[in-house]
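Sequential numbering from 20 applies to the sequence shown in the working numbering.
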Amino acid sequence: MKKFIAAVMACLFFQFQPVVAQAANLVANVDITRQTMTVSQNGIVRYRWKVSTGRSGFGTPTGNYKAKWLSKNHRSRKYNNAPMPYAVFFKGGYAIHGTNETKRLGRPASHGCVRLDPRNAAQFFAMASTAGLGNTRIVISH
């Protein structure tokens with residue numbers, strides 16, 4: 020009976036391992052030069068989206084960051100209560116978030132944040148929520 024219980028427990032343990040692995044290792048690679056963000060999960064590219072990063076005088080910080088906090092309906096205190104839907108913050112007030120100015124995606128247009136189409140921002144927000152902040156990495160480079 021003990022062997023049977025141990026076998027059942029082992030099967031249950033391994034059955035749930037893919038869920039844990041799937042939730043880990045979410046990476047958003049933002050290429051400032053190309054104005055794109057590539058989202059990978061467990062090393063597999065899931066999405067590639069156009070973004071807008073910081074325009075002249077408002078740079079987007081480069082580097083490797085862990086996601087710090089999430090805010091689904093955030094508004095900027097610094098820039099006239101501007102909407103920042105589905106914000107994933109990575110450094111101080113800098114975040115990846117949705118924008119209503121989708122016609123400007125693909126070229127620098129922000130005050131330093133990484134802007135996405137709101138549907139894409141919602142998708143990334145959901146993925147970061149599922150993966151967890153500690154498992155979500157944001158890499159920004161030229």
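Positions of the beta carbon are idealized from the N, C-alpha and C atoms, including for glycine.
Since the structure is predicted, the reported quantities are computational estimates derived from the model, not experimental observations.
Within 8 Å, strictly: CB atoms of residue i and residue j
i	j	result
PHE163	ILE157	The structure shown does not extend to residue 163, since the chain spans only 20 to 161, so no value can be given for it.
ALA106	SER129	no
ASN154	ASN83	no
Residues of its chain near residue i, where Cβ-Cβ distance is below 6 Å and the 5 sequence neighbours each way are ignored
i	result
ARG65	VAL58
THR118	ARG134
C-beta neighbour in chain B for residue i, strict 8 Å
i	result
LEU124	Protein chains in the displayed structure number just one, and chain B is not present.
Beta-bridge partners of residue i, as assigned by DSSP
i	result
VAL70	Its beta-bridge partners do not exist; DSSP assigns none.
THR57	ASN48 and ARG67
PRO80	Looking at the DSSP assignment, PRO80 forms no beta bridge with any residue, so it has no partner.
Sequence-distant residues of its chain with Cβ nearer than 7 Å to residue i (five each side left out)
i	result
VAL70	VAL49, GLN54, THR55, MET56, LEU124, VAL133, ARG134 and LEU135
ILE159	VAL49, ILE51, THR79, PRO80, THR81 and GLY82
Run of the alpha helix (DSSP H) containing residue i, from where it starts to where it stops
i	result
PRO137	137–150
Distance, residue j Cα to residue i Cα
i	j	result
ALA141	LEU152	15 Å
SER95	PRO104	10 Å
GLY73	TYR113	10 Å
PRO137	ASN99	19 Å
ARG126	VAL46	22 Å
LYS68	TRP88	Lys is not the amino acid found at residue 68; the sequence shown has Trp there. Cα to Cα, the separation comes out at about 22 Å.
Delimiting residues of the beta strand (DSSP E) encompassing residue i
i	result
HIS93	88–94
HIS19	The requested residue 19 is not part of the displayed model; the chain covers only 20 to 161.
Residues near residue i in its chain [Cβ-Cβ closer than 8 Å; skip 5 each side]
i	result
LYS85	PHE109, LEU152, GLY153, THR155, ARG156 and ILE157
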